[in-house]
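The sequence shown begins at 1 in the UniProt record's numbering and counts up one residue at a time. Glycine included, each C-beta is placed from N, C-alpha and C at the ideal position.
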Amino acid sequence: MATVSAPRGMRDFLPAEKARREHALAVIRRVYRRFGFDEIETPVLENYDRLHSGLGGDNEKISFSVLKRGIGADELRAAAENDDLASLTDLGLRFDLTVPLARYYATHRAELPSVFRSVQIAPVWRAERPQKGRYRQFVQSDIDIIGEAGILAEIELIGATTEVLRELGVTGTRVRINDRRLITGMLEAFGFTPEEFSGVLITIDKLDKIAATGVIAELRERGVTAPAIDALAAFLETEQAAGEFSAEAIAARLPEGVDPEVIAELAQIGASVEGELVFDPFLVRGMGYYTGAIFEIEHTDFGYALGGGGRYDGMIGRFLGQDVPAVGFSIGFERIVDLIEANAEDAEESLVLIYDRNVEPAALVALKNEVAAAGTRVRLDKRAKNFRALLERAAEAGYTAYATVTAETTRASDLDVKPLGTAESAG
């Protein structure tokens, strides 16, 4: 018999897993709301042309597209002959939450405050090859500030996000920060041409994986400006370790000629947020729509980021015809949720009623309703031969206590309630 499973790259969640995810979502929503962010919701589908307008970078190549309704044989033949399968689609599943947010703001701008602070937590879809830690459907958790041109937006986003991590109990993290304007300033100082920037940044983004020697070797293979590669190689040899977060310390880790005003902005951000902030001159982040500060959440025990974001002042203007300042920060929800445990203090009071076979259904329902009316989550389970296994399953599902029900049990006050997960639970 064939194995029955969810589609590749997508997952089912058992009750205990779902409870942990909902706990994390509740904390995230509570903190962001406290920090003045308002939750929004957008459709899972967006117009195909909007999703493929150049805003999503490489994610556009792995988006799920939806065929037009009522396609005929002539249209299929024409699309095949012209190698234009895109002409058969008009919608697509969102691959992130930033493009839908930009469209949302362009649609509802007149109804929103001049500075809009949004929260959006929802699933997204990417048609990539499934592997460990990479899924075709996963949840993103984004906060964005639209309409604030100054660094107040970056400071608010970093502060709210680090508070979420603190309340979730995730320790050992720090925020790496850079600015796209500093990166391009560095490339100019080294002697790369503007046409080479994109490819050079793709290679520099691999610095953590292939080290300086690998970066230089790959750039030489790319055939970009040789003196610029030599200048970068010499710079990497003298690159200093992260130290004090100040304008002077940042400038010391950059080549001469980089904009001092941008350096001063980064230093001011560092002086205004709590938690550890580290300047990383080679932090790139792959999305080409970033225009200013960029940041990532780094964990001391893992080789991948737990979240990130940056300023994307030009994106919304693609819909409105005029630029609107915007900054966003996304928590890597699927990675974060694996690091946390639901706090026992936050667990709701919940009770499993284990009943004998001779208890009448009407009596069981009346008892269940009485317990539920008092505000307790309650479930009915028929007594099984393996009593311990029954209790273990109830505990895994998040229940905190149990009681047995016999034919003589008539009211909730008759119940002998015992906690789950103790020696008494051995039954």
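In terms of residues, what are the limits of the beta strand (DSSP E) holding residue i?
i	result
H299	A293 to H299
D142	Q137 to I146
K382	R377 to K382
A326	A326 to I331
I183	Here I183 belongs to no beta strand (DSSP E); instead the alpha helix (DSSP H) covers R180 to F190.
I354	S350 to Y355
Alpha carbons only, please: which of the options is nearest the one belonging to residue i?
i	options	result
L88	Y104, I71 and A102	I71
D179	A212, E154, R393 and V359	E154
P325	R335, V337, Q137 and Y312	Y312
R377	Y32, E348, E60 and D301	E348
L25	E128, P113, V139 and A16	V139
L380	S350, N386 and A374	S350
A211	A366, I269, T193 and E239	E239
R181	L367, T404, V284 and K385	V284
D338	V365, A6, L14 and R21	R21
T409	L391, A373, V365 and K385	V365
L367	Q322, S63 and D414	D414
A267	L391, I177, E221 and A79	I177
P15	R393, H52 and R77	R393
Do residue j and residue i come within 7 Å of each other at the CB atom, strictly closer than that value?
i	j	result
E46	R109	no
Y399	V352	yes
F333	S118	no
P260	M186	no
G9	Y104	no
K68	D90	yes
G307	I294	no
G172	T291	no
V99	G147	no
A412	E360	no
I216	A231	no
L207	F282	yes
I158	V175	yes
I263	A247	yes
G191	A228	yes
A102	F319	yes
A189	G257	yes
G375	A395	no
A419	A401	Note on residue identity: the sequence assigns Pro, not Ala, to residue 419. Yes.
Y32	G92	no
What's the C-alpha gap between residue i and residue j?
i	j	result
residue 476	I331	The requested residue 476 is not part of the displayed model; the chain covers only 1 to 427.
E41	H23	20 Å
V164	D96	21 Å
Y289	G54	9 Å
residue 428	I183	What is shown of the chain runs 1 to 427, which leaves residue 428 out entirely.
E276	L85	48 Å
A397	F197	52 Å
K18	A160	24 Å
A406	E111	Ala is not the amino acid found at residue 406; the sequence shown has Thr there. Taking the straight line from one Cα to the other gives about 59 Å.
L219	D83	34 Å
F245	I340	30 Å
R357	K382	7 Å
I151	P43	30 Å
R335	V4	26 Å
E39	P113	14 Å
P7	S65	17 Å
G427	R30	The pLDDT assigned to G427 is 48, lower than 50, so where the model puts this residue is not dependable, and the model offers no usable value.
G309	K385	54 Å
R11	T193	45 Å
I145	F329	9 Å
A305	T225	31 Å
Secondary structure at residue i, three-state DSSP: helix, strand or coil?
i	result
E261	helix
G199	helix
N59	helix
E46	strand
G398	coil
I28	helix
L112	coil
S413	helix
A423	Interpretation of A423 is limited by its pLDDT of 40, a score under 50 that renders its predicted location unreliable; no figure is taken from the coordinates.
V4	coil
D172	The sequence shown places Gly at residue 172, rather than the Asp named in the question. DSSP places G172 in coil when its eight states are reduced to three.
E276	coil
In terms of residue numbering, what span does the alpha helix (DSSP H) encompassing residue i cover?
i	result
N369	P361 to A373
T107	T98 to H108
G317	G317 to L320
L152	L152 to L168
R220	L207 to R222
D74	A73 to E81
F235	A226 to E237
Checking contacts by CB at 7 Å: is residue i closer than that to chain C?
i	result
E296	Absent here is chain C; the protein component of the structure consists of one chain.
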